[in-house]
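Novice: First to last, the protein sequences are chains A and B.
The numbering used here numbers the first residue of the first sequence as 15 and each following residue consecutively.
The numbering used here numbers the first residue of the second sequence as 15 and each following residue consecutively.
Virtual Cβ for every residue (Gly too), placed ideally from N, Cα, C.
There are 2 protein chains.
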Amino acid sequence: MENREYKKVIEYVKSEIAKGTLQLKNKLPTERVLAEELSMSRSSIREALRTMENMGMLESTQGSGNYLTGNLNKMFAESIGMMLLLKQVSYSEVNAVRRALETDAYVLAMGNITEEMEEKLKELYQGMENSEGDQKILKDKEFHYLIIRASGNKLIISIMEALEEIYEESVGHILKTSSKETKDQLMRCHKKMLECIIGKDEINGRRALDEHYGIIEGQC
Amino acid sequence: MENREYKKVIEYVKSEIAKGTLQLKNKLPTERVLAEELSMSRSSIREALRTMENMGMLESTQGSGNYLTGNLNKMFAESIGMMLLLKQVSYSEVNAVRRALETDAYVLAMGNITEEMEEKLKELYQGMENSEGDQKILKDKEFHYLIIRASGNKLIISIMEALEEIYEESVGHILKTSSKETKDQLMRCHKKMLECIIGKDEINGRRALDEHYGIIEGQC
DNA sequence: GAATATTTGTCCGTATGTATA
DNA sequence: CTATACATACGGACAAATATT
Numbered sequence: 015m016e017n018r019e020y021k022k023v024i025e026y027v028k029s030e031i032a033k034g035t036l037q038l039k040n041k042l043p044t045e046r047v048l049a050e051e052l053s054m055s056r057s058s059i060r061e062a063l064r065t066m067e068n069m070g071m072l073e074s075t076q077g078s079g080n081y082l083t084g085n086l087n088k089m090f091a092e093s094i095g096m097m098l099l100l101k102q103v104s105y106s107e108v109n110a111v112r113r114a115l116e117t118d119a120y121v122l123a124m125g126n127i128t129e130e131m132e133e134k135l136k137e138l139y140q141g142m143e144n145s146e147g148d149q150k151i152l153k154d155k156e157f158h159y160l161i162i163r164a165s166g167n168k169l170i171i172s173i174m175e176a177l178e179e180i181y182e183e184s185v186g187h188i189l190k191t192s193s194k195e196t197k198d199q200l201m202r203c204h205k206k207m208l209e210c211i212i213g214k215d216e217i218n219g220r221r222a223l224d225e226h227y228g229i230i231e232g233q234c
Numbered sequence: 015m016e017n018r019e020y021k022k023v024i025e026y027v028k029s030e031i032a033k034g035t036l037q038l039k040n041k042l043p044t045e046r047v048l049a050e051e052l053s054m055s056r057s058s059i060r061e062a063l064r065t066m067e068n069m070g071m072l073e074s075t076q077g078s079g080n081y082l083t084g085n086l087n088k089m090f091a092e093s094i095g096m097m098l099l100l101k102q103v104s105y106s107e108v109n110a111v112r113r114a115l116e117t118d119a120y121v122l123a124m125g126n127i128t129e130e131m132e133e134k135l136k137e138l139y140q141g142m143e144n145s146e147g148d149q150k151i152l153k154d155k156e157f158h159y160l161i162i163r164a165s166g167n168k169l170i171i172s173i174m175e176a177l178e179e180i181y182e183e184s185v186g187h188i189l190k191t192s193s194k195e196t197k198d199q200l201m202r203c204h205k206k207m208l209e210c211i212i213g214k215d216e217i218n219g220r221r222a223l224d225e226h227y228g229i230i231e232g233q234c
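1. Figure out for me which residue from B:ILE180, B:CYS203, B:ALA110 has the closest Cα to the Cα of B:GLU231.
2. From what residue to what residue does the alpha helix (DSSP H) around A:GLY141 run?
3. In the DSSP output, which residue or residues are listed as bridge partners for A:LEU82?
4. Any Cβ of chain B within less than 8 Å of the Cβ of A:ASN80?
5. Secondary structure at A:LYS39, three-state DSSP: helix, strand or coil?
6. Suppose contacts are defined by Cβ-Cβ distances below 8 Å. Is A:GLU73 in contact with A:THR83 by that definition?
7. Answer yes or no: does any C-beta atom of chain A fall closer than 8 Å to that of B:LYS68?
8. With distances taken from CA atoms, which of B:LEU208, B:ILE212, B:GLN233 is nearest B:ALA222?
9. Could you check which residue in B:LYS153, B:LEU152, B:VAL185, B:ALA114 has the C-alpha nearest to that of B:ILE171?
10. Just curious, the alpha helix (DSSP H) that B:LEU100 is in, first and last residue?
11. Would the beta-carbon of B:GLY79 fall within 8 Å of that of B:LEU42?
12. Measuring CA to CA, which of A:LYS33, A:LEU98, A:ILE94, A:ASN87 is closest to B:ILE94?
13. Just confirm the distance between the C-beta atoms of B:ALA62 and B:ILE31, as a whole number of angstroms; I'd bet it's less than 8 Å.
14. Apart from the five residues on each side of it in sequence, which residues of its chain come closer than 8 Å, Cβ to Cβ, to B:CYS203?
15. For A:ILE127 and A:ILE211, which I take to be in contact (beta-carbon distance under 8 Å), what is that distance rounded to the nearest angstrom?
16. On the premise that A:LEU135 lies in contact with A:LEU160, defined as a C-beta separation below 8 Å, what is that separation, rounded to the nearest angstrom?
17. List the residues of chain B that A:ALA114 touches, going by C-beta distances under 8 Å, in chain order.
18. Residues in the region 18-34 of chain B with C-beta within 7 Å of chain A's C-beta atoms, listed in sequence order?
19. Runs of 4 residues minimum, wholly inside the region 191-217 of chain B: which ones carry the alpha helix (DSSP H) assignment?
20. Measuring straight from C-alpha to C-alpha, what distance separates B:ARG46 and A:SER192?
21. Can you give me the C-alpha to C-alpha distance between A:GLU146 and A:GLN199, rounded to a whole angstrom?
22. Round the Cβ separation of B:LYS39 and B:TYR81 to the nearest angstrom and send it over; I've been treating them as touching at under 8 Å.
23. Taking B:GLU107 as the query, report the chain A residues whose CB atoms sit under 7 Å from its CB, ordered along the chain.
24. Do B:LYS205 and B:TYR139 have their C-beta atoms closer together than 8 Å?
25. Among residues of its own chain, excluding the 5 on either side of A:ALA164, which ones have a beta-carbon nearer than 7 Å to its beta-carbon?
26. Quick one: what does DSSP say A:ASN109 is sitting in, helix, strand or coil?
27. So is B:LEU100 in contact with chain A if we call contact Cβ pairs under 8 Å?
28. First and last residue of the alpha helix (DSSP H) that includes B:GLY147?
29. What residue range is occupied by the uninterrupted alpha helix (DSSP H) comprising A:ARG46?
30. Could you list which residues in chain A have their beta carbon closer than 7 Å to that of B:MET71, in chain order?
31. Should A:GLY213 be flagged as near chain B, meaning a C-beta pair shorter than 8 Å?
32. In whole angstroms, give me the CA-to-CA distance for A:SER57 and B:SER57.
33. With C-beta atoms as the reference, is B:VAL108 less than 8 Å away from B:LEU177?
34. CA-CA distance, A:GLY186 and A:LEU152?
35. Within 10 Å of its beta-carbon, does A:ASN144 have 16 or more other beta-carbons around it, so buried, or fewer, so exposed?
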């Protein structure tokens, strides 16, 4: 069907946001009030509220009310996870998206990164070298995501954080099972990434990231 | 809340897909049967079905049933549209994601493109030169999306198609209101993109796309 | 084509758990 | 602690669209 009743509620919420009368963290009218105002049953209102909750638009708290939130990023993980489950896309294709976005983020980060961040990156890199197992994987992730966050592009950050959940087993597994040679290769990539972001060397930085993702791709 | 009843239904559907007992286009058990099997009320079942419908996982048809579909891409448009509405991300940031993904798609397309596609691209380019207004915008879009589809990466295609809806007014508007000089500049980019994809010249092809998006960005 | 059964769409009423004043 | 407001969940009823006989 196309003409769904519950879409009226979503349209209502959107218009209230557009008008400025509904803002983040604000409480929505109660279900009964919404039902009356929009001339719908509570059931239909609730179906709409559920979809919006699932989307990350709002959060419902029993006994209190429905509050506008803005956690839309979790939907990226849901959608792509479902696509993977239905085999509509492959892990390799998801990986290509990751590479494209992280490369872009890396270049953007080059222009934004502060000295504090550079120090933190060095710290994380050293941490990677001096640790093993889960600890190393954690430092690795922090290394990448510090750069991604430093890009300042909130959409890229959202998507990459969503994809992090999907990959945390898969890539983690790769890192655990790969040979020492592969691990050393990855460490050299990280070192180059670190050097190039400090030295603002975009070309070699891109190469390091490309090599990094090439190794990951090869282990899939 | 975290422990939502309706999530049981989503988990149920996911597990059926994983087991292979539920496939695309298949009909789900009726709402009443689901209610009985999962020991829930029909209302709760319906809330779950609605969220899944909204997600693009299934389609409900009155009098018939609920059928598993796989149109997850529409959720990308919804989520990003909502982020834009809430001003959590800017059009400029969305543009950066488009650039990153289209550039990746462009390079992938270089390796996949057939002679027929190249002919079609030439045709579209000529069509752009020889037309004006909405017709020109349409050819422009077709030109870009032929390349994107030629990339073969179904996730990139999904995301870009979702972003197309969001940008179709915004970019269309830019093309309508920009000066002749800007338009000529864009045409030169398209020409370079065409030449480089045929000549497998990745470096200059990337440059052409970068220039193209730089112009779009400048008009925002 | 018509009649009947099935299934989703919508609504209402009620009971319960939770948050808030 | 009490009372009120609110979301959560259930079950029943009827309408509307579809499928089946």
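Specialist: This is what the structure holds:
1. B:ALA110
2. 129-144
3. A:LEU72
4. no
5. coil
6. yes
7. Residue identity differs from the one stated: residue 68 of chain B is Asn in this sequence, not Lys. Taking Cβ atoms only, chain A reaches closer than 8 Å to B:ASN68, which makes this a yes.
8. B:LEU208
9. B:ALA114
10. No alpha helix (DSSP H) holds B:LEU100; DSSP gives it neither H nor E.
11. yes
12. A:ASN87
13. Actually they do not touch by this definition, with Cβ atoms about 15 Å apart.
14. ALA222, LEU223, GLU225, HIS226, ILE229
15. 6 Å
16. 6 Å
17. ALA114, LEU115, THR117, ASP118, ILE170
18. TYR20, LYS28, ILE31, ALA32
19. 194-212
20. 49 Å
21. 15 Å
22. 6 Å
23. ASN167, LYS168, LEU169
24. yes
25. ALA123, ASN126, ILE127, MET131
26. helix
27. yes
28. 147-164
29. 45-51
30. MET96
31. no
32. 7 Å
33. yes
34. 9 Å
35. exposed
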